[in-house]
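Participant: Quick one: structure below, then a few questions.
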Amino acid sequence: MKQLNPILISGKEVLPLIEGGKGINGSDGRSSGAWAAENCVGTFSGVSPDCYDSLGNVIIEKFFKKARQERHEEMVEYAIKGGVAQAQVAHEVSGGNGRIHMNMLWELADSERILTGVLERAKGLIHGVTCGAGLPYHLGALASKFGVYYYPIISSARAFQILWKRAYANFKEFLGGVVYEDPWLAGGHNGLSNAEDPNQPQTPYLRLVELRKTLNSLGLNETPIILAGGIWSLKDWEDYIDNPEIGKIAFQFGTRPMITKESPISEAWKKVMLQVKKGDVILQKFSPTGFFSSAIKNTFLEKLIERKNGEIAFVTEQNPEFPHALKLSETKTVYIRIADVEKAERQIKAGLTEIKETPDNTVVFMTPEDWKQMKADRAACVGCLSQCQFSTWSKATGTTGRLPDPRSYCIHKTLYEVGHGGSVKDNLLFAGHQVYRFATDPLYRNGCIPSVKELIERIKNGE
Ligand SMILES: Cc1cc2nc3c(=O)[nH]c(=O)nc-3n(C[C@H](O)[C@H](O)[C@H](O)COP(=O)(O)O)c2cc1C
Ligand code: SF4
């Protein structure tokens with residue numbers, strides 16, 4: 418295994434190993450601080466991070482206000498307090514070693530406000546900000562204002578070029594690196610563009626070479642590329658190290674650090690991950706953000722897949738192609754193809770008697786209990802996203818103007834629940850496509866859970 422040499426990240430020579438940020442509560446001050454303590458980089462999540470009461474207990478988010486806009490304000494307040502709290506924990510745990518980064522989901526409503534609030538109050542504790550899910554144009558200006566390095570997360574050279582031309586060229590000094598996240602392999606949201614086929618993965622090598630060429634053409638020869646997505650053992654990536662076609666590189670691990678002693682996720686979640694088999698992680702498009710994402714197939718995801726498979730196209734005016742009447746409610750009847758009649762009847766017979774329209778002139782079928790829960794989830798919306806397909810909340814205009822999508826779900830609710838000990842069957846479990854390797858990697862034999870220190874030692878050896 419080639420030796421890993423330290424590189425300059427966020428103003429300090431550190432090992433080129435990074436814990437990726439994971440919301441909600443998939444990476445926090447404890448885990449990121451532990452990575453930094455090993456002279457690596459730890460990234461705590463800035464998406465609904467935990468804050469603590471005077472006794473050090475986690476304050477579980479509760480929203481008291483009636484109006485959604487007001488609950489949104491409560492959420493922003495929690496997020497700022499939580500971000501500061503996690504930065505403090507990370508700093509203490511790191512002992513001043515390594516680098517601490519904060520991750521922000523750009524599509525979060527008021528992400529700029531949250532980031533500003535945290536950076537203002539946690540001066541000197543956060544060295545870099547990583548930001549993905551969307552094109553974070555303002556990130557360069559915002560981070561530079563605080564003298565903090567910034568790291569856009571992109572999945573193609575083209576995306577970086579757009580960001581550079583429109584915004585980052587003016588904020589070159591604090592561009593710390595570019596995170597290339599493989600859209601076919603990484604856990605969490607995936608940046609697949611419309612031109613890319615989710616079933617036709619492309620090799621990261623060629624895409625990285627293209628990114629390096631782009632960076633060099635912009636005079637960014639020394640800017641490191643941080644490779645994320647599908648990284649388990651560095652032996653598999655030796656060709657990428659000290660490779661002039663790729664240049665300075667660091668490796669970001671998202672899924673693997675989740676099974677460490679310092680990882681904040683529940684024991685039950687770790688247990689599921691230890692048993693996942695190849696093919697159990699599904700790349701799908703149910704997220705209310707509209708992005709693709711990768712998660713473990715469990716009851717939660719199976720239900721969404723089943724609902725999607727039962728989807729039927731309709732028209733509102735009967736015609737020869739759509740002759741069959743389907744009653745949605747006392748006041749609304751739509752028309753479906755003969756070929757879909759059996760599919761509709763089968764679902765109704767199975768108890769999926771609530772038939773709901775999607776924004777795409779289709780209907781899906783669900784049980785009365787699931788429909789009741791969906792209505793409750795929408796009513797409890799705290800406006801976490803800038804635009805939400807599940808509830809139609811839009812931060813800018815109040816509503817997206819589209820129909821709420823019953824093929825989606827409230828991501829805030831499910832990630833918060835599972836991030837705080839909730840069911841691992843009935844919540845979304847984001848994970849990368851290499852998660853099955855926990856089951857065969859000798860480090861985890863007999864359910865063994867390593868410390869971050871032990872994991873980093875293995876990684877350095879290429880294991
Ligand atoms: C549970 C989970 C949650 C994640 N949440 C976020 C997030 O909030 N923001 C983000 O930029 N990336 C997020 N990611 C992506 C990771 O930071 C990392 O880039 C990715 O997991 C790397 O791929 P890997 O899982 O194959 O190692 C998440 C990944 C996982 C597994
Ligand atoms: S319904 Fe949408 S915007 Fe509202 S809290 Fe849930 S995911 Fe966020």
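Following our numbering, the numbering of the sequence shown begins with 418 at its first residue and continues without gaps. Using N, Cα and C, we set each Cβ at its ideal position, and we do this for glycine too.
To which residues of the same chain is Asn778 closer than 8 Å at the C-beta, ignoring the five residues directly before and after it?
Facilitator: If we look at Asn778 and ignore the five residues flanking it on each side, its Cβ neighbours are Ala730, Phe731, Val732.
Participant: Can you tell which of Lys792, Lys714, Leu745 has the C-alpha that lies nearest to the C-alpha of Gly604?
Facilitator: Selected option, being the one with the closest Cα: Lys714.
Participant: Cβ atoms of Arg824 and Phe703: under 8 Å apart, would you say?
Facilitator: Yes, Cβ-Cβ distance for Phe703 and Arg824 is below 8 Å.
Participant: Helix or strand or just coil, what does DSSP make of Asn633?
Facilitator: Here Asn633 sits in helix by DSSP.
Participant: Just reading off the alpha helix (DSSP H) that Val506 is part of, what are its end residues?
Facilitator: Where Val506 is concerned, the enclosing alpha helix (DSSP H) stretches over 485 to 511.
Participant: Starting from Pro569, trace the beta strand (DSSP E) in both directions and tell me its first and last residue.
Facilitator: Where Pro569 is concerned, the enclosing beta strand (DSSP E) stretches over 566 to 571.
Participant: In this structure, does DSSP put Ile713 in helix, strand or coil?
Facilitator: Strand, per DSSP.
Participant: When DSSP builds the beta bridges, which residues end up paired with Leu700?
Facilitator: BP columns for Leu700 point to Ser711.
Participant: Looking at C-beta atoms only, is the number of pairs between the stretch 764 to 775 and the stretch 456 to 475 that lie closer than 8 Å three or more?
Facilitator: With a cut-off of 8 Å, the stretch 456 to 475 and the stretch 764 to 775 do not count as touching, because too few Cβ pairs lie within range.
Participant: Output the distance between the C-alpha atoms of Arg583 and Trp452, rounded to the nearest integer angstrom.
Facilitator: Computed Cα separation, rounded: 33 Å.
Participant: Along the chain, where does the alpha helix (DSSP H) that runs through Gly869 open and close?
Facilitator: Contrary to the premise, residue 869 reads as Val rather than Gly in this sequence. Taken as a continuous stretch (DSSP letters only), the alpha helix (DSSP H) holding Val869 covers 869 to 877.
Participant: Can you give the Cα-Cα distance for Lys562 and Glu491, rounded to whole angstroms?
Facilitator: Roughly 26 Å separates the two Cα atoms.
Participant: Using DSSP's beta-bridge definition, name the partner residues of Leu769.
Facilitator: Per DSSP, none; premise fails for Leu769.
Participant: Out of Gly564, Leu542, Glu655, Leu552, which has the shortest C-alpha to C-alpha gap to Gly515?
Facilitator: The candidate whose alpha carbon is nearest that of Gly515 is Leu542.
Participant: Among Ser444, Leu623, Tyr833, Val626, whose alpha-carbon lies nearest the alpha-carbon of Ile676?
Facilitator: For Ile676, the nearest C-alpha among the options comes from Ser444.
Participant: Please identify the residue among Ile531, Glu478, Glu723 whose C-alpha is closest to the C-alpha of Thr784.
Facilitator: Selected option, being the one with the closest Cα: Glu723.
Participant: Could you tell me whether the stretch 669 to 689 touches the stretch 627 to 639, where touching means 3 or more Cβ pairs closer than 8 Å?
Facilitator: No: the two stretches stay apart, fewer than three of their Cβ pairs being nearer than 8 Å.
Participant: Mind checking whether the beta-carbon of Trp810 lies closer than 7 Å to any heavy atom of ligand 2?
Facilitator: Flag set: Cβ of Trp810 near ligand 2.
Participant: Measuring alpha carbon to alpha carbon, tell me which of Ser711, Val493, His518 ends up nearest Gln503.
Facilitator: Considering only alpha carbons, the answer is His518.
Participant: On the DSSP bridge assignment, give the partners of Gly545 in chain order.
Facilitator: Beta-bridge pairing links Gly545 to His518, Tyr566.
Participant: Am I right that Glu598 and Ile579 are in contact with their C-beta atoms under 8 Å? What's the rounded C-beta distance?
Facilitator: Not a contact, Cβ separation roughly 16 Å.
Participant: Identify the residues that DSSP records as bridge partners of Thr809: which are they?
Facilitator: According to DSSP, Thr809 bridges with nothing at all.
Participant: What ranges does the alpha helix (DSSP H) occupy inside the stretch 718 to 797, keeping only unbroken runs of at least 4 residues that lie completely in it?
Facilitator: Fully enclosed alpha helix (DSSP H) runs of 4 or longer: 758 to 766, 785 to 796.
Participant: Within a Cβ cutoff of 7 Å, which residues of the same chain sit near Gly593, ignoring the five residues on either side of it in sequence?
Facilitator: Counting only Cβ-Cβ distances below 7 Å, and skipping sequence neighbours, we find Ile426, Ser427, Gly545, Tyr566, Tyr567, Tyr568.
Participant: Going by the beta-carbon positions, is the gap between Ile531 and Ala496 smaller than 8 Å?
Facilitator: Yes. Within cutoff.
Participant: Given this structure, state the Cα-to-Cα distance separating Cys805 from Pro661, to the nearest angstrom.
Facilitator: The alpha-carbon atoms of Cys805 and Pro661 are separated by roughly 42 Å.
Participant: Under the assumption that Ala645 contacts Gly608 (Cβ atoms under 8 Å), give the Cβ distance between them as a whole number of angstroms.
Facilitator: Not confirmed; about 11 Å, so no contact.
Participant: In whole angstroms, what separates the C-alpha of Leu522 from that of Cys548?
Facilitator: Computed Cα separation, rounded: 6 Å.
Participant: Taking only the alpha-carbon atoms, compute the straight-line gap between Gly500 and Glu478 and give it to the nearest angstrom.
Facilitator: For Gly500 and Glu478, the distance between alpha carbons rounds to 14 Å.
Participant: In the DSSP assignment, find the alpha helix (DSSP H) that holds Tyr833 and state where it starts and stops.
Facilitator: First-last of the alpha helix (DSSP H) with Tyr833: 828 to 835.
Participant: CB of Lys439 to nearest heavy atom of ligand 4: below 7 Å?
Facilitator: For the structure depicted, ligand 4 is absent and the ligand set comprises only ligand 1 and ligand 2.
Participant: Ends of the alpha helix (DSSP H) at Ala454?
Facilitator: 446 to 454 is the extent of the alpha helix (DSSP H) around Ala454.
Participant: Rounding to the nearest angstrom, what Cα-Cα distance links Asp787 and Val693 in this structure?
Facilitator: Rounded to whole angstroms, Asp787 to Val693 spans 27 Å at the Cα level.
Participant: With which residues is Phe577 paired in a DSSP beta bridge?
Facilitator: None; Phe577 has no bridge partner.
Participant: Put Glu524 into one of helix, strand or coil per three-state DSSP.
Facilitator: Of the three classes helix, strand and coil, the one that applies to Glu524 here is coil, per DSSP.
Participant: Buried or exposed for Asp822, going by 16 or more other Cβ atoms inside 10 Å?
Facilitator: With 16 or more Cβ atoms within 10 Å of its Cβ, Asp822 is classed as buried.
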